[in-house]
Amino acid sequence: MTQTSSSFPGARPTTDDPPTLVEHLRDGTVVRIRPELPRDASREQAFLSRLSSEALSYRFLGLVKESGAATARELTSLDVPREVALVALVGDPPLETEIGVACYRLHDDGSRCDCAVTVDPAWQNKGVGRLLMRHLIGVARAQGVRWMYAVDAVRCAGAHRLAEHLGFRSRPDPEDPAVVTFELELE
């Protein structure tokens, strides 16, 4: 049964069984979306190991880091509710495979957040990023966030199409012509 994005309270649950949304990709593949938890560190490390250096920069909100165990532990130990991460999983529990993650980090005033989405290269162009971002936007709205921002390289046409599909407006960065800023007003 598919639940709505209101199933995510915007904070990582403290229980072992977080709220999970069941979705279907365009090709019919069943995907489960849920908040990322500290217990996901080894799964996150395996996900990171499949990413290119460019894709790693998306996962780290632009700050490229190593894809080792310490980084995976850091990414799965969120500063809730300031940070939110939703993962997309395929396969049967407990042997699920992470195929994507969308995250945001609130600014100090709580009205704005930086966001990013990263999808395993083998799962791109199947709707994973769209599903993750749709639910992340729902969490941000529920938490009272007014603006979401994403920064991306000009050359990343696929990410630009996704942002436009989700309603983000783009503007060039006046300080860096190789970068585009996307912004979405939430109401």
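Going letter by letter, the sequence shown gives residues 1155 to 1341 in our numbering. Note that CB positions come from ideal geometry on N, CA and C, so glycine has one too.
*For Glu1252, is the classification buried or exposed, using 16 other Cβ atoms within 10 angstroms of its Cβ as the cut-off for buried?*
buried
*What is the rounded straight-line gap between the Cα of Gly1264 and the Cα of Ala1307?*
So the alpha carbons of these two residues sit roughly 26 Å apart.
*Just list the alpha helix (DSSP H) runs in the segment 1268-1308, keeping only unbroken ones of 4 residues or longer that don't cross its boundaries, in chain order.*
As for any alpha helix (DSSP H) of minimum length 4 sitting wholly inside the segment 1268-1308, the runs are 1282-1296, ordered along the chain.
*Assuming Ala1226 contacts Leu1191 under a Cβ cut-off of 8 Å, what Cβ separation, rounded to an integer in Å, is found between them?*
With a Cβ gap of about 12 Å, Ala1226 and Leu1191 do not count as contacting.
_Within the segment 1179-1233, ranges of the alpha helix (DSSP H) (whole runs, at least 4 residues)_ = 1195-1203, 1207-1213, 1223-1230
*DSSP state of Glu1318, grouped into three classes?*
Of the three classes helix, strand and coil, the one that applies to Glu1318 here is helix, per DSSP.
*asked:* Could you tell me the alpha carbon to alpha carbon distance between Val1241 and Arg1197, rounded to whole angstroms?
replied: 10 Å
*Distance, Cα to Cα, Ile1184 vs Asp1262?*
For clarity, residue 1184 is Val in the given sequence; the question names Ile instead. C-alpha separation (whole angstroms): 37 Å.
*Counting only the same chain and skipping the five closest in sequence on each side, list residues whose C-beta sits under 6 Å from that of Thr1230.*
Glu1190, Pro1192, Asp1194, Ala1195, Glu1198
*asked:* Nearest by alpha-carbon distance to Ala1200: which of Gln1297, Ala1223, Glu1318 is it?
replied: Ala1223
*So, helix, strand or coil for Gly1312, using DSSP?*
helix
*asked:* Could you check whether the segment 1290-1299 touches the segment 1263-1279, counting it as contact only if at least three pairs of C-beta atoms, one from each stretch, sit closer than 8 Å?
replied: yes
_Whole angstroms are fine: how far does the CA of Leu1243 sit from the CA of Asp1274?_
11 Å
*asked:* Once DSSP output is grouped into helix, strand and coil, what is the label at Asp1262?
replied: coil
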